[in-house]
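To keep things clear, I will list the structure first and then write my remarks on it.
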Amino acid sequence: MDRQHIQLALPWRGSSAIGMSTMPNDTPSAHMCPRLYRAVCERRPVEELTALLLQQHAINHTGCFGKIGRGRILDSHSSKGSSNYGIIQHGWCNLREVAAGGNTVLHVAAEKGNDELIQGLYDHFRFREEVKSLLSYRNSAQDTPLHCAARVGSDRSVAVLIELAKDSGVSILGCKNEAGDTALHVAARHGHGDAVKVLASASAAEAADVNTAGVSPLYLAVVSRSIKAVEEITKNCVNASSKGPDSQNALHAAVFQGKEMVDLLMEWKPALAAEGGCSPLHYAASDGNWKIVEAILRAAPPRTVYQQDNGGLSALHVAARMGHLSIVKKLLKHCPDTAELRDSDGRTFLHTAAMEKHLPVVSFAIKKFKAHGLLDAQDKGGNTALHLAVAEGAPRVVEALLRKGKAQADILNNAGHTPFDLTDKLPSYFTMVSVVVTLVAYGARTRPQRQDDLKPWKGSDDVVRGIQKTSDGLAVVAVLIATAAFTAGFNLPGGYGDYGKANLKGQFIFTCFLFFDTLAVVTSVVAAILLVFGKASCSAGSWKSFVVSLHCMWVSLISLMLAFDAAALVTVGTSCHVTLKIAHVCIQALIMWIMTWVAPGTKSALTNLRFLWQRNRSRGRRVIKRQYPLAGAAISNLLLFMVTNFLASIGFLVIFVLYEHEKHGPFLDTSIAPSPAPL
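In the UniProt record's numbering, the protein residues as written are 1 to 679.
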């Protein structure tokens, strides 16, 4: 055995007869024995742990316990502790041994909430200085045993450790780990109310501390949603800090946890509602819970509702920005003059709501402040709410401001633009059509300028390119419809007779089938021709042929559907009545949905009709023709689409009526009655 092995085999300097060491606090004796670690984790009795600490164990020359090679661990009565086995006798188990994470026996016991073991070990070895120093010993994360007990929420272990530290004269309540957390921070972070109660009762000073991130225990308790933890801190720590990250306080976090948490903090310190530029009321207004907003307004200082953040936004601006109508009503009811507040850009809450396309808030503002000049108020850029709604592409808001609010549509901003002038910057075709139709319908005009300076909407080229890409696919669809219609024409319902004529010839429903099938063939062929022509011409007016082809294709689809209805009735009879009616109703519902949500133009039929009327007036016609030709065509095509669907419904009803008449007798009896027999 060499000198190094002999040194390891010797007991620690200053050890007693039972092997207890007196080492500095930052120097562990060795890695913890696996048997000792398992015994603590399994919550073995104190007597068994104490007996284990008095037993000898073995260590190899690398400092690790167990076998190496073919060696074996020697027990306390073994006399063969030579290096031939690769293991040497080490001495007694030591309380100062640590696990891989730097945890002592007290750390592990605290993590398991084993307060009996903590008390038992201290009572057994209380006269040893190293036992007292274990109370404040730190692991690799700088956690003391008190941190570990607080993390698992073992209030009894926390109480025992505090009492033992007080008895030993060791200060552990103010110890911080590598994150700057005290034990109170740790317990509050994990929402352990009972542990927080013990810690807050023992020392209220730690509640005023913040960790490295600048967060207080009270803020962490609120985030953990522990009502009990918050109650204990506010009850036992009058001077508790409420600081949180990013200039927040505990009330900022409480608005997202529920009304009970807000009431608790407002009762403790109402001034929290007015702290910071962005107050908790801003947070509550953004969340939209009117009960929490009401609780804050009831207990907060009077000027809280007027408080503005760094961007000049008040809580009313925030509520309007998020579209929370109930919060807007609450705030205006509490302080009606908050409607006059403006942000750093000089915008009112109506500007904000219009810019974010929140129609309910805009409609409420129109109803409540129509006579107060709010609708035509201008920001620092000279923009009214109508300017911002047009610029953001909000046709429903534009319609509400013009139709309900009677807002002025010809106000110039600082750049010399009316709301109508801003439509040129809208990127979407459907949005542009909807906004232009609404503005023209209610008499909006562009700024005075030379007419030869007017240029078409900048998105027209994108529309033409989209038409070119779509034409190929639609041409294939048109050919498929024509093929289906041709096939139906040669495979007539009822089949052919001996002379090659249709068996159902002469029945009026069969004649309807032939008419609609022929119409489907003609219109689908015309649609295919127009699509190919528009693709080949690549002219500026190719979109016109594209639109006509779409109508022809739609007529062909409707005709094919009606031909199918006629064929089904003439062959199957009344047994398919219900099925055909249900199918027709579903198709009409789908068409109505397309017209309402997908088709260009506004959702209001009155606005569309007003647009058609205004377009025929001299000024409106010139603007539409020169700058927005696609908008005028869109509404005309929409009306034509509606007429086609209406005629389809009429055709369906006509087919059923004729079938009922023909079922009860010939629809048109042209036969000659036989002459009476002679007497």
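Idealized CB from N, CA, C, for every residue including glycine.
Min CB distance residue i to chain B below 8 angstroms
{"i": "A150", "result": "Going by chain labels, chain B is absent from the structure shown, which holds only one protein chain."}
Other residues of its chain near residue i: CB distance less than 6 angstroms, five sequence neighbours each side excluded
{"i": "A295", "result": "K259, V262 and D263"}
{"i": "K67", "result": "With a pLDDT of only 34 at K67, under the threshold of 50, the placement of this residue in the model should not be trusted; the figure read from the coordinates follows. Nothing meets the Cβ criterion."}
{"i": "A299", "result": "M266 and P270"}
{"i": "S154", "result": "G113"}
{"i": "C64", "result": "Residue placement at C64 is flagged as unreliable, the pLDDT there being 38, under the threshold of 50; a coordinate-derived value is accordingly withheld."}
{"i": "K425", "result": "none"}
{"i": "K80", "result": "The pLDDT assigned to K80 is 38, lower than 50, so where the model puts this residue is not dependable, and the model offers no usable value."}
{"i": "T104", "result": "V98, L134 and Y137"}
Under 8 angstroms between C-beta atoms of residue i and residue j
{"i": "V318", "j": "V362", "result": "no"}
{"i": "A485", "j": "G494", "result": "no"}
{"i": "A250", "j": "Y219", "result": "yes"}
{"i": "V158", "j": "A195", "result": "yes"}
{"i": "V186", "j": "R225", "result": "no"}
{"i": "A488", "j": "L439", "result": "no"}
{"i": "F490", "j": "A567", "result": "no"}
{"i": "A508", "j": "S559", "result": "The question names Ala, yet the displayed sequence has Phe at residue 508. Result no, Cβ atoms of F508 and S559 do not sit closer than 8 angstroms."}
{"i": "A273", "j": "T304", "result": "yes"}
{"i": "residue 680", "j": "A520", "result": "The requested residue 680 is not part of the displayed model; the chain covers only 1 to 679."}
{"i": "Q614", "j": "G443", "result": "yes"}
{"i": "N139", "j": "G174", "result": "no"}
{"i": "L53", "j": "V40", "result": "no"}
{"i": "V463", "j": "I635", "result": "no"}
{"i": "E399", "j": "T607", "result": "yes"}
{"i": "S344", "j": "G393", "result": "no"}
{"i": "Y628", "j": "W457", "result": "yes"}
{"i": "G244", "j": "A254", "result": "no"}
Residue environment, residue i, which counts as buried when at least 16 other CB atoms sit within 10 Å
{"i": "T62", "result": "Residue placement at T62 is flagged as unreliable, the pLDDT there being 38, under the threshold of 50; the coordinate-derived value follows with that caveat. By the neighbour-count rule (16 or more Cβ atoms within 10 Å), T62 is not buried but exposed."}
{"i": "R347", "result": "buried"}
{"i": "C586", "result": "exposed"}
{"i": "V643", "result": "exposed"}
{"i": "Q307", "result": "buried"}
{"i": "D143", "result": "buried"}
{"i": "E206", "result": "buried"}
{"i": "L95", "result": "buried"}
{"i": "K197", "result": "buried"}
{"i": "H351", "result": "buried"}
{"i": "F420", "result": "buried"}
{"i": "K235", "result": "exposed"}
{"i": "K535", "result": "buried"}
{"i": "G373", "result": "exposed"}
{"i": "D26", "result": "Model confidence at D26 stands at a pLDDT of 45, short of 50, so the residue's coordinates are unreliable; what they give is reported in the following sentence. Under this definition D26 is an exposed residue."}
{"i": "I582", "result": "exposed"}
Residue i - DSSP class collapsed to helix/strand/coil
{"i": "N249", "result": "strand"}
{"i": "V555", "result": "helix"}
{"i": "H31", "result": "strand"}
{"i": "Q507", "result": "coil"}
{"i": "Y659", "result": "helix"}
{"i": "A141", "result": "coil"}
{"i": "S428", "result": "coil"}
{"i": "Q307", "result": "coil"}
{"i": "S133", "result": "helix"}
{"i": "A566", "result": "helix"}
{"i": "A394", "result": "coil"}
{"i": "A415", "result": "coil"}
{"i": "A409", "result": "coil"}
{"i": "S314", "result": "strand"}
{"i": "A188", "result": "helix"}
{"i": "A444", "result": "coil"}
{"i": "T62", "result": "Low confidence applies to T62: its pLDDT is 38, below 50, so where it sits in the model is not reliable enough to give any reading."}
Sequence-distant residues of the same chain with beta carbon closer than 7 angstroms to residue i, five excluded per side
{"i": "K370", "result": "G405"}
{"i": "L414", "result": "A quick correction: the sequence has Asn, not Leu, at residue 414. If we look at N414 and ignore the five residues flanking it on each side, its Cβ neighbours are G381 and G382."}
{"i": "H387", "result": "N413, P419 and L422"}
{"i": "H334", "result": "L297 and V305"}
{"i": "K166", "result": "none"}
{"i": "L325", "result": "P360, V361 and F364"}
{"i": "L580", "result": "D565 and A568"}
Residue i: CB within 7 angstroms of a non-hydrogen atom of the ligand SAM
{"i": "L281", "result": "This structure lacks the ligand SAM; in fact it carries no ligand of any kind."}
Nonlocal neighbours in the same chain, by C-beta distance under 8 angstroms from residue i, ignoring five residues either side
{"i": "N239", "result": "A204, A207 and A208"}
{"i": "L332", "result": "L316, T338, A339 and K368"}
{"i": "C576", "result": "A568 and L569"}
{"i": "L474", "result": "A527, L531, S549, L550 and M553"}
Minimum length 4: unbroken alpha helix (DSSP H) runs contained in the stretch 241 to 304 | 250 to 254, 259 to 268, 280 to 287 and 290 to 299
Every unbroken alpha helix (DSSP H) within the stretch 93 to 126, with a cutoff of 4 residues, ordered by chain = 105 to 111 and 115 to 125
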